[in-house]
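Protein chains in written order, with this note's numbering: chain A, 3 to 67; chain B, 1029 to 1189.
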């Protein structure tokens, strides 16, 4: 499999994120907005621990290591 | 009285000034962080400072016990399903690329793509700022319901049953 296929799938996932974001802002039954999703994660008893640890790991992994 | 003013007890102009000051501080910090190189002491320090700050803020601002956020099932029958599916697809593809045989160039992961972005000072500063912004949003969203509950208890009449 060439790298083009891999990049194409990443691009599709990025596009899906943008479309889902736009859909969440539409009227009527729609997915929750990103801020609401974040609030749901940050108020779950276990999810909030995972969220904070995940944020810390991402920062350390990307910028310090 | 505007909602933001009621919530905070501060004048909206002050809230805007605070928000702008925090954003400016975040941009300045991200520019400093973008000037560091991974695997060095300076990179460790500029990354550790926000991590420690978030840990302190979470302990101070978040309630010990949480109440799960519930949305109206009529207005939003499946509010999380699409996001969960997208997250699952991203994780699955990340793992597939990570485990695939061959070079990282042929099977790029999110980390390797961001490593490429981090070679450019401005882009690295932008990514670092996004990370800081996400951290601030996490602290704010996790403490939001606690704030509402405190305000409700403050607003309740003292002689109420």
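We treat Cβ as the ideally placed atom computed from N, Cα and C, and that holds for glycine.
How long is the line joining the alpha carbons of residue i and residue j, rounded to whole angstroms?
i: residue 25/A; j: residue 1143/B; result: 30 Å
i: residue 1187/B; j: residue 1091/B; result: Any answer about residue 1187/B is weak, because its pLDDT of 40 lies below 50 and its placement is not dependable; what the coordinates show is given next. Looking at the two C-alpha atoms, the distance is approximately 26 Å.
i: residue 1178/B; j: residue 65/A; result: The predicted model places residue 1178/B with a pLDDT of 48, which falls under 50 and marks its position as unreliable, so this point remains unresolved.
i: residue 1061/B; j: residue 1140/B; result: 19 Å
i: residue 1097/B; j: residue 1089/B; result: 17 Å
i: residue 1152/B; j: residue 1063/B; result: 9 Å
i: residue 40/A; j: residue 1161/B; result: 13 Å
i: residue 1094/B; j: residue 1051/B; result: 28 Å
i: residue 1084/B; j: residue 58/A; result: 13 Å
i: residue 87/A; j: residue 1077/B; result: Nothing in the structure corresponds to residue 87/A, since chain A is present only between 3 and 67.
i: residue 1059/B; j: residue 38/A; result: 29 Å
i: residue 1045/B; j: residue 1039/B; result: 10 Å
Specify the secondary structure class of residue i as computed by DSSP and reduced to three states.
i: residue 1090/B; result: coil
i: residue 1102/B; result: coil
i: residue 1039/B; result: coil
i: residue 1097/B; result: coil
i: residue 11/A; result: helix
i: residue 1108/B; result: coil
Who are the neighbours of residue i on chain A, taking C-beta pairs under 9 Å?
i: residue 1156/B; result: 61, 64 and 65
Since residue i meets chain A, which of its residues come closer than 8 Å, beta carbon to beta carbon?
i: residue 1149/B; result: By Cβ distance, chain A contributes nothing, its closest Cβ being about 13 Å from residue 1149/B, past 8 Å.
If you check the beta carbons only, do residue i and residue j fall under 7 Å apart?
i: residue 1/A; j: residue 1107/B; result: Because chain A in this structure spans residues 3 to 67, residue 1/A falls outside the shown range and cannot be described.
i: residue 44/A; j: residue 1079/B; result: no
i: residue 1125/B; j: residue 1135/B; result: yes
i: residue 107/A; j: residue 1154/B; result: Here chain A covers residues 3 to 67 and nothing more, so residue 107/A does not appear.
i: residue 1114/B; j: residue 18/A; result: yes
May I ask you to check if the CB of residue i is nearer than 6 Å to at least one heavy atom of the ligand NAP?
i: residue 1117/B; result: Here there are no bound small molecules, and the ligand NAP is not part of this structure.
In chain B, which residues lie less than 8 Å from residue i when you measure between Cβ atoms?
i: residue 54/A; result: 1082, 1083, 1086 and 1166
i: residue 13/A; result: The contacting residues do not exist; residue 13/A stays about 11 Å from chain B at best.
Just to make sure I have the definition right: I need the residues of chain A whose C-beta is within less than 7 Å of the C-beta of residue i. Which are they?
i: residue 1063/B; result: Those within 7 Å of residue 1063/B in chain A number zero; the least Cβ separation is about 11 Å.
Identify the contact partners of residue i in chain B, using a Cβ-Cβ distance below 7 Å as the criterion.
i: residue 27/A; result: In chain order: nothing, as chain B lies at least about 13 Å away.
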